[in-house]
Amino acid sequence: MMHKKFTVLFLASLFILLNLNLYAQEVTSKIHPFLQVVLLGTPADETVDVYATLDEQYPLDELREATAYLSRKEKQKEVVRVLKEFAAEQQQAVLSFLQSAKQQNLVSKLDILWAANTVVFSAVPQIIYGLAEDFDEIAEIRYDAPIDESEVIDPTEESQEVLPGDVLAPQPGLVLINAPAVWAEGFYGQGVLAGNHDSGCDWDHPDLINNIWNNLGEDFDGDGHTIEGGVFDPGDINGVDDDGNGYIDDFIGWDFAGNDNDPNTSATHGTATAGIICGDGTNGTQTGVAPQAKVINCRLSGEATSWLASQYSVDMGVDVFTSSHSYKWYFNPQPNYPMHRQMGDFELTAGVVHTNSTSNDGNSVGIPFNISAPGNTPPSWIHPDQTLVGGVSSVIGVGNVHAATDVIVSSSPWGPWTWEDYQINHPSYPYPVPIQYQDYPYETVPPGSIALIKPDVSAPGNGTTSTTNGGGYSSFSGTSGATPHVCGLVALILSTNPDLTPEQVSMIIQTTSVEKGAAGKDNRYGAGRIDAYEAYLLALAMIPGELTSFNAITDGEAVTLNWQTATETNNQGFEIQRSNDGKFEKIGFVAGHGTTTEI
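In case it helps, the numbering used here puts the sequence shown at residues 49 to 647.
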């Protein structure tokens, strides 16, 4: 009798196992192959970091067209509103399932990447399989692989302590790019909000503390700040998401790696990038390109954290953000390039500039995979030398020159980068590339295809000095050090002319850069080494006149336009454009008055 009972139980167990196997075959089509392997090796009670992307995606080109008439800040708010509402409608059932699982401790964290209609979470295998089986709206669930910080940061040398001098002096990178000349004109980045997305930041460093953004949406006690004496304002700490952005007590930014509200860690890399953006020299060395810009700090780890940080900063109203984290072709799994491209589209649609490092693999990785993501995505303005013209995005990818010699460092990466169907020549590449992102192919056989020229510009990285943890200074290097110089320059430009679009900012920076290397935009220096003062002059020249009145009168056959200006600055004239089909064309030009305050 005992033997018979055992046989029945064994057969029942076998039956269940066979059904589980069939069940797995049915659902794995929505689970990325790399994740399938990870799940097979994960114990039932351990969570796995993943992200689930839904089928329906809001058409960003339509949203860009619909918001084209808005000012840059109005556009930013409208894009955020539209995408949040779209994701909330699409994700309702998925989020209900995951939130229920979270209450049962089967999901340990949960973030909504509404910018790409994606949910980022950590869950036990059973929950991931359940999502894949029961929710038709999910396109695919992918593995958010942990990445060691040393692989994503892009310095080239070990940092060395630098002692401040007796007299406040700018670090060598600032001198090379002519930042002090812009300060002399009264522009220090004031009024500009920048994001610093990196490895954490010692935000109470004396050179940084005065420029750390305070999230007044979390100012519970209403005293106008969320930092007091180098710590979070005790009167604001209430464990409540006061501003409703999904993050509790996010007083100065967010730690997306640790999922908490303090982006300060023992790592020094993010402190150095922040110092290049906005360090004000309080402790004796001027490190920041824009020493009066405000900075949001976000700490990153894997790819999904970089996308969440981008979304967070856009939601909080940044004008520009920078990251010296980058994701390389040789990672395992390889970067999700299409998602990086989609996020760049989102940032551009929202009117935000994104500067990014491009690796230090100039001596180690072959072309056309030498540039890392997301610095490999297209700029918002296409240089005339980029004769193969495809899509655009928000990103300015940055190369590295030595601050002492103004010569490109050998480890700075070589372009071009290719945007094509990678799986044709690299079948193991894990993500299909949408047809719209196959727009910069690389072919060496005549007539050939030039792919995407990268980097976009270069800036001083090696030989620079920045802030370090504990209140001091240290040397900085690589495209890690170069990139925040460009972010600081964007802040100076937008401080000068706040109405500029990302396309205009990119054009200004590329066309005013100092010619280096091969003539024009090349795959070593990009458009050249940035020049802050020349960029400032062009930004100043593009300030429009201030209108006091405008009207249009028609007699049935013609339209007469009349307007008056209160001020005009460096104004050559007014170009008149007309649109019948959404595309504007020039139909006239009226001379301006140069610089005047007379109506």
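Glycine included, C-beta positions come from ideal geometry on N, C-alpha and C.
It should be emphasised that the depicted structure is a prediction, and the values quoted were computed from it without experimental measurement.
In this structure, the alpha-carbon of Ala539 lies about 45 Å from that of Ser77.
Look at Phe183 here: in three-state DSSP terms it is coil, with no helix or strand label. Tyr470 counts as buried, since at least 16 other C-beta atoms from the protein chains shown sit within 10 angstroms of its C-beta.
For Leu102, there is no enclosing alpha helix (DSSP H); the residue is part of the beta strand (DSSP E) that begins and ends at 96-102.
In this chain, the beta strand (DSSP E) harbouring Gly301 covers 301-303. Per DSSP, reduced to three states, the secondary structure at Gln139 is coil, with no helix or strand assignment. In the three-state reduction of the DSSP assignment, Pro532 falls in the helix class, which pools H, G and I. Partner residues in the beta bridge of Thr602, as assigned by DSSP, are Val607.
Ser442 sits close to Val400, with the two beta carbons spaced by under 8 Å. DSSP links Ile260 through a beta bridge to Val343.
For the stretch 154-228, the continuous beta strand (DSSP E) assignments of 3+ residues that do not extend past its boundaries occur at 155-161, 166-171, 186-191, in sequence order. Under the 10 Å beta carbon count, Val437 is surrounded by fewer than 16 other beta carbons and is classified as exposed. Apart from sequence neighbours up to five positions away, the residues of its chain that approach Asp298 with a beta-carbon distance below 7 Å are Asn263, Glu266, Asn309, ordered along the chain. For Asn610, the number of other beta carbons within 10 angstroms of its own is below 16, and it is reported as exposed. For Phe524, the enclosing beta strand (DSSP E) begins and ends at 521-524. Rounded to the nearest whole angstrom, the C-alpha separation of Leu131 and Tyr106 is 7 Å. A straight line joining the alpha-carbon of Glu205 with that of Leu179 spans about 45 Å.
Taken atom to atom, the span from the alpha-carbon of Ser525 to that of Ile225 is near 16 Å. Cβ contact annotation for Ile415 (same chain, cutoff 6 Å, sequence separation greater than five): Trp462, in chain order. The Cβ neighbour count for Glu137, taken over all protein chains shown within 10 Å, is under 16; the residue is labelled exposed.
Closest in alpha carbon position to Gly329, among Gly213, Thr466, Ile498, Arg389, is Gly213. In terms of CA proximity to Ile591, Gly640 leads the group Thr333, Gly318, Gly640. When rounded, the separation of the alpha-carbon atoms in Leu396 and Gly243 is 15 Å. Bridge pairing for Phe637: Glu623 [DSSP]. CA-CA distance, Val127 to Ala398, rounds to 6 Å. The bridge partners DSSP lists for Pro508 are Val449. With a cut-off of 8 Å on Cβ pairs, the stretch 376-385 is not in contact with the stretch 541-549, counting fewer than three such pairs.
Looking at the DSSP output, Phe280 bridges to Ile275. For Thr370, the closest C-alpha among the options Asp454, Asp182, Ile201, Tyr191 is that of Ile201.
Pairwise C-beta distances place the stretch 464-483 out of contact with the stretch 575-592, as fewer than three of them are shorter than 8 Å.
Distances from the CA of Asp487 to each of Asn424, Ala341, Gly518 were compared; the closest alpha carbon is that of Asn424. Taking the Cα positions, Asp303 is about 14 Å away from Gln359. Between the stretch 324-341 and the stretch 237-251 there are three or more C-beta pairs closer than 8 Å, enough to call the two in contact. The straight-line gap separating the alpha-carbon atoms of Ala589 and Ser554 is approximately 15 Å.
Going by DSSP, Val401 is part of the beta strand (DSSP E) stretching over 401-405.
When the beta-carbon positions are compared, Ser428 and Thr406 stay at least 8 Å from each other.
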